[in-house]
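Asks: If you use the numbering used here, the sequence shown corresponds to residues 13 to 196, in order. Attaching a single structure in structure tokens format; questions to follow.
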Amino acid sequence: MNEEVDFILDTAKESMDGAIKHLEKEFVNIRAGKASPAMVGSVMVEYYGSPTPLTQVANVNTPDGRTISIQPWEKGMLQEIERGIMMANLGFNPMNNGEMVIINVPPLTEERRKDLAKQAKAEAEDAKVSIRTARQEANKEIKKLDASEDVQANAEVDVQEMTDRYIKKVDEVLAVKEKEIMTV
13 MNEEVDFILD TAKESMDGAI KHLEKEFVNI RAGKASPAMV GSVMVEYYGS PTPLTQVANV
73 NTPDGRTISI QPWEKGMLQE IERGIMMANL GFNPMNNGEM VIINVPPLTE ERRKDLAKQA
133 KAEAEDAKVS IRTARQEANK EIKKLDASED VQANAEVDVQ EMTDRYIKKV DEVLAVKEKE
193 IMTV
């Protein structure tokens, strides 16, 4: 009997872990003004006729907080890299100096920071919804168990405590991201 409860709890935990991982991944895409190689992580370039992630055809660095430098492994890829960055519609204006592609990351305006903070809050809310959905699923499975009311009640308490921990974790991750976004 306890094995079934443990299985339900493990399944709920996996779902909640997934929600946190997804949130952290989404937060990487919300740029906070400081240049980072992750900003061009979604860029795809044509490489011998097939779309290839930028990181597989070039070395991506951030020499300082405002610049992303992209050094292709083959010089002939410079135009394709520029085209890929433009196609990704990231709001960057790549420059090609014949050796590498350089992106100057513009500083964020106050208005843009507020928009990004709203976007971060929306992503956090989505994560909370996923966590609550996992709780509902777990509670449904617990009610289906052929177990005593005590066992079911204890399992539901465990699920609720887990849910509260994960919601708190979402709030912590959001607070860090908001601070990062609002810091000039």
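Where a beta carbon is used, it is the ideal one built from N, C-alpha and C, also for glycine.
Determine the direct distance from the alpha carbon of A159 to that of K130, and round the result to whole angstroms.
Replies: For the purposes of this step, residue 130 is taken as residue 118 along the sequence shown, with counting starting at 1. For the purposes of this step, residue 159 is taken as residue 147 along the sequence shown, with counting starting at 1. Roughly 44 Å between the two C-alpha positions.
Asks: Using the rule of at least 16 other Cβ atoms within 10 Å of the residue's Cβ for burial, across every protein chain shown, is A165 buried or exposed?
Replies: Translated into the one-based positions of the sequence shown, residue 165 becomes position 153. With fewer than 16 Cβ atoms within 10 Å of its Cβ, A165 is classed as exposed.
Asks: Ignore the nearest five residues each way along the sequence and tell me which others in L21's own chain have a CB closer than 8 Å to its CB.
Replies: Stepping through the sequence shown from its first residue, residue 21 is reached at position 9. For L21, where only same-chain residues beyond five positions count, the Cβ hits under 8 Å are A150, A167, D170, V171, M174.
Asks: Leaving aside the five residues before and after E58 along the sequence, list all residues of the same chain whose C-beta is less than 6 Å from its C-beta, in chain order.
Replies: On the sequence shown, position 46 is the one that residue 58 refers to. Hits under 6 Å: E92.
Asks: Please specify which runs of the beta strand (DSSP E), each continuous and at least 3 residues long, are wholly inside the stretch 51-129, giving them in chain order.
Replies: Listed in chain order, the complete beta strand (DSSP E) runs (minimum 3 residues) inside the stretch 51-129 are 56-59, 62-65, 70-76, 79-84, 106-108, 113-116.
Asks: Using the Cβ count rule (16 or more neighbours within 10 Å means buried), how would you classify Y178?
Replies: As a first step, residue 178 must be located in the sequence shown, where it is residue number 166. With 16 or more Cβ atoms within 10 Å of its Cβ, Y178 is classed as buried.
Asks: Reducing DSSP to helix, strand and coil, say where S160 ends up.
Replies: On the sequence shown, residue 160 is found 148 positions in, with the first residue counted as 1. Three-state DSSP puts S160 in coil, outside helix and strand.
Asks: Which residues mark the beginning and the end of the alpha helix (DSSP H) in which T195 is found?
Replies: To locate residue 195, count along the sequence shown from 1; it is residue 183. No alpha helix (DSSP H) holds T195; DSSP gives it neither H nor E.
Asks: Cα separation between E26 and L120?
Replies: Numbered from 1 along the sequence shown, position 14 holds the residue referred to as residue 26. Numbered from 1 along the sequence shown, position 108 holds the residue referred to as residue 120. Those two C-alpha atoms are separated by around 36 Å.
Asks: Beta-carbon separation of A139 and V182 under 7 Å?
Replies: Here residue 139 refers to the residue found at position 127 of the sequence shown. Here residue 182 refers to the residue found at position 170 of the sequence shown. In contact: A139 and V182 (Cβ atoms closer than 7 Å).
Asks: So I193 and R125 are in contact, right, with Cβ under 8 Å, and what is the actual spacing, rounded?
Replies: Counted from its first residue, the sequence shown places residue 193 at position 181. Counted from its first residue, the sequence shown places residue 125 at position 113. Contact flag correct, Cβ pair sits at about 5 Å.
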